[in-house]
Every structure is written in C-alpha cells, then in structure tokens.
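These notes concern the structure reproduced below.
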Amino acid sequence: MLDLSFAGLGVDGLFLEVSCSVAAWVSFYDSPAARTADAARPIEEDPPLSAGVLLDLRFSADTPTLKLAPLSSYSNGEIPLQQRLWARVRTEVTGAHTASLGVLALVLNDSVGG
0 MLDLSFAGLG VDGLFLEVSC SVAAWVSFYD SPAARTADAA RPIEEDPPLS AGVLLDLRFS
60 ADTPTLKLAP LSSYSNGEIP LQQRLWARVR TEVTGAHTAS LGVLALVLND SVGG
C-alpha cells in the first residue's frame with residue numbers, strides 16, 4: 000500500500016484518464032483525513048456517501064489505462080482549500096515491485112480563494 004498526494008491538479012477539476020502500470024486498486028480522496036478513515040474498507044465494499052472518496056478504480060494487468068466517464072469530477076475538501084488531491088494505491092502484485100500511476104485531468108479551478 001502506498002499513500003500519495005498530487006499537487007498541481009487545482010482545487011476542482013475533471014478526471015479524464017488514470018493509468019497504473021500494475022494490477023492495483025487506486026482510490027482518490029478529497030483530504031488526508033478521508034484517506035485515513037478509508038484505510039480498512041474492503042475493495043468489495045462501496046464507501047459511504049460523503050466519505051471523501053472521489054474515485055475508486057481497479058486496474059488489471061490487461062487494462063493499465065482507464066478513460067473515465069464524462070464529468071468524473073473532484074474537489075478538494077480541506078479547510079482552507081488546497082491545490083491537492085490524495086490517493087492510495089493498493090497493488091495486487093506480490094514481492095518487490097515498482098508501480099507507476101498517471102493522472103490526466105482538466106483543472107476547472109486552481110484558486111484557493113481569498
């Protein structure tokens with residue numbers, strides 16, 4: 000399991016495509032608190048509404064890239080707002096390995112207000 004944060008995706012936007020080089024379960028979150036709260040959820044279980052889980056994706060070895068449905072949106076949930084998203088990657092590969100994760104997104108808002 001690996002926890003990541005993505006800077007540069009703005010405050011609000013649209014996920015267009017996500018890629019992962021190995022079989023894995025990848026979840027995106029609106030805050031680090033949401034990621035922490037989601038740590039024990041089994042892959043077969045949907046997150047509760049308003050849990051801060053923005054996107055759950057499952058990659059197989061045969062499907063390293065997923066093009067997302069239109070309007071797969073995200074928003075930062077921190078107070079104050081940040082230009083950041085958080086993710087958790089749970090690979091399904093055993094033994095030592097390397098995984099690459101890529102995100103293509105359309106940033107709709109990169110302003111943290113004022």
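So in numbering that gives the first Met the number 0, spot 29 of the sequence shown is number 28, and the numbers just go up one at a time. For each residue, glycine too, the CB sits at the ideal point set by N, CA and C.
8 Å Cβ cutoff met for residue i and residue j
| i | j | result |
| --- | --- | --- |
| S4 | S99 | no |
| L105 | Y73 | no |
| M0 | R87 | yes |
| N75 | L84 | yes |
| A23 | T90 | yes |
Buried or exposed by the 16-neighbour rule on C-beta atoms within 10 Å, applied to residue i
| i | result |
| --- | --- |
| S49 | exposed |
| G7 | exposed |
| V92 | exposed |
| S71 | buried |
| D61 | exposed |
| D45 | exposed |
Contact belief for residue i with residue j at Cβ below 8 Å, rounded distance in angstroms
| i | j | result |
| --- | --- | --- |
| D2 | S26 | Their Cβ separation, rounded to whole angstroms, is 10 Å, which puts D2 and S26 out of contact at 8 Å. |
| S18 | T64 | 4 Å |
Sheet register partners of residue i (DSSP bridge)
| i | result |
| --- | --- |
| A103 | Strictly speaking, residue 103 in this sequence is Leu, with Ala absent from that position. According to DSSP, which records beta bridges pairwise, L103 is partnered with E16. |
Worksheet entry | beta strand (DSSP E) runs wholly inside the stretch 56–95, at least 3 long, in chain order | Whole beta strand (DSSP E) segments, 3+ residues: 64–66, 72–74 and 83–90.
Item to complete: Could you pull out every unbroken beta strand (DSSP E) segment of at least 3 residues lying fully inside the stretch 5–64, listed in chain order?
Response: Runs found: 11–19, 23–28 and 52–58.
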